[in-house]
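Have a look at the structure below, then the notes.
Numbering (my numbering), first residue to last: 62 to 386.
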């Protein structure tokens with residue numbers, strides 16, 4: 062892998078789970094000219110602020126990992142914020158990157174871009190073939206728009222300006238930097254907190270939302286960061302060999318999935334909780350299954366390295382450390 066370690070790289074969303082993992086990966090590879098801004102320093106929904114930032118910093122590469130994220134509850138109760146914030150962030154960053162001569166940009170999406178009842182495992186060509194999961198449709202539509210924005214800039218400005226904007230769609234992520242909020246978190250951090258608190262309180266039972274039968278795929282966030290840097294550094298001919306001009310995104314998954322019941326058992330083991338685990342079928346399940354085909358990315362030479370069992374142990378240790386500090 063050839064790399065110019067002097068290139069100025071802007072990581073948007075560097076304090077988030079994925080963005081911070083990308084920062085760790087780049088720094089471990091020897092990149093030191095990395096630009097980052099907190100939300101307080103740069104509101105990416107503010108067009109004028111983003112315009113000023115790009116005009117002043119002139120980065121060579123952009124990793125677009127910023128966005129409003131959350132679990133089923135957050136998506137279902139704040140749909141306007143999810144679609145507005147994500148569309149504005151994407152529009153501002155991608156457009157200003159282009160206007161300021163950025164040739165390489167990586168947009169990070171989500172597995173929720175695929176139809177609720179897409180054939181499993183979900184391949185890239187399932188995009189726009191059916192209805193989305195209603196609880197996170199606004200977020201999904203914003204992410205689809207981000208993919209299509211990157212493709213549109215490639216199609217219009219690829220030959221004339223050397224634009225090469227790529228998109229990766231991660232499966233469900235977990236690990237260092239995750240959000241452990243009791244209501245606005247995704248399933249693994251929510252379960253880690255629930256089981257940790259139940260263990261501390263000697264609670265005899267933990268009740269999980271839904272039936273426990275839906276299946277999900279989970280990827281440790283440092284694997285996602287490694288995949289992101291890997292995809293960014295692929296030469297264009299190689300990347301094009303597994304993509305198409307109007308279907309240019311790549312899935313990034315672990316390669317297999319588990320039921321929510323199996324996941325709950327694994328999290329209980331990782332946290333040391335020994336009580337009863339039960340389920341509340343009156344609560345929503347979300348999509349019945351979300352397993353992504355990573356065949357195209359695997360064909361390019363990348364595969365996940367951290368098992369779910371290993372990742373949960375690492376994630377719980379990080380949670381404990383964050384609680385102490």
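Built from N, CA and C at the ideal position, the CB exists for glycine as well. Keep in mind the model is a prediction, meaning the values are calculated, not measured.
Open item on the list: Please tell me whether residue 285 and residue 252 are closer than 8 Å, where the distance is taken between their beta carbons.
Closed with: no
Task: Residue environment, residue 339, which counts as buried when at least 16 other CB atoms sit within 10 Å - done: Answer is exposed; the Cβ neighbour count stays below 16.
Open item on the list: If contacts are defined as beta-carbon pairs under 8 Å, then residue 240 and residue 231 qualify, I think. What distance do you get, rounded to the angstrom?
Closed with: Not quite, the Cβ-Cβ distance comes to about 15 Å (not below 8 Å), so this is no contact.
- [ ] Can you tell me which of the three DSSP states residue 181 falls into?
- [x] coil
TODO: Kindly identify the DSSP beta-bridge partner or partners of residue 340.
DONE: Under DSSP, the beta-bridge partners assigned to residue 340 are 269.
Task: Assigned exposure category for residue 263 - 16 Cβ within 10 Å defines buried - done: exposed
Open item on the list: Using a Cβ-Cβ cutoff of less than 8 Å, which residues in the same chain neighbour residue 362 once the five nearest sequence positions on both sides are dropped?
Closed with: 291
Open item on the list: In the DSSP output, what is residue 225 paired with across the bridge?
Closed with: 165
TODO: Evaluate residue 382 with the Cβ neighbour count: other Cβ atoms within 10 Å of its Cβ, from every protein chain shown; 16 or more gives buried, anything less gives exposed.
DONE: exposed
Task: Residue range of the unbroken beta strand (DSSP E) whose run includes residue 281 - done: 279-281
TODO: Could you check how far apart the C-beta atoms of residue 332 and residue 256 are, in whole angstroms? I think they sit under 8 Å.
DONE: Right, the Cβ-Cβ distance comes to about 4 Å (below 8 Å), so this counts as a contact.
- [ ] To the nearest angstrom, report how far apart residue 297 and residue 219 are at their CA atoms.
- [x] The straight-line gap from Cα to Cα measures roughly 11 Å.
Task: Buried/exposed call for residue 183, threshold 16 Cβ in 10 Å - done: buried
Open item on the list: Give the list of continuous alpha helix (DSSP H) stretches no shorter than 4 residues that lie fully inside the stretch 81-118.
Closed with: 108-118
TODO: With DSSP as the reference, please indicate the residues paired to residue 70 in a beta bridge.
DONE: 95 and 122
Task: Residue range of the unbroken beta strand (DSSP E) whose run includes residue 235 - done: 233-235
Open item on the list: So for residue 62, helix, strand or coil by DSSP?
Closed with: Its pLDDT being 41, under 50, residue 62 is placed unreliably by the model, and the measurement read from it follows with that caveat. Reduced to three states, the DSSP call for residue 62 is coil.
Task: Contact check, residue 168 vs residue 207, beta carbons under 8 Å - done: yes
Task: 8 Å Cβ cutoff met for residue 211 and residue 155 - done: Closer than 8 Å, so yes.
Open item on the list: Helix, strand or coil, according to DSSP, for residue 248 in the structure here?
Closed with: Helix.
Task: Cutoff 8 Å: residue 152 Cβ touching any chain C Cβ - done: Although the question refers to chain C, the structure presented lacks it and comprises just one protein chain.
- [ ] Could you name the residues of the same chain whose beta carbon sits closer than 6 Å to that of residue 198, not counting the 5 residues immediately before and after it, in chain order?
- [x] Excluding sequence neighbours, residue 198 sits near nothing in its chain.
Task: Identified DSSP bridge partners for residue 308 - done: 305
- [ ] Reducing DSSP to helix, strand and coil, say where residue 33 ends up.
- [x] Past the boundaries of the shown model lies residue 33; the chain is included only from 62 to 386, so the question cannot be answered.
Task: Of the listed residues 369, 318, 70 and 69, nearest to residue 236 (C-alpha basis) - done: For the residues 369, 318, 70 and 69, the minimum Cα distance to residue 236 belongs to 369.
Task: Distance between residue 136 and residue 353 (C-alpha atoms, nearest Å) - done: 21 Å
Open item on the list: Suppose you measure from the CA of residue 259 to the CA of residue 248; what does that come to, to the nearest Å?
Closed with: 16 Å
Task: Sub-8 Å separation of residue 112 and residue 157 beta-carbons - done: yes
Open item on the list: In the DSSP assignment, the alpha helix (DSSP H) including residue 146 goes from what residue to what residue?
Closed with: 140-160
Task: residue 274: first and last residue of the uninterrupted alpha helix (DSSP H) it sits in - done: Element bounds for residue 274: n/a, residue is neither H nor E.
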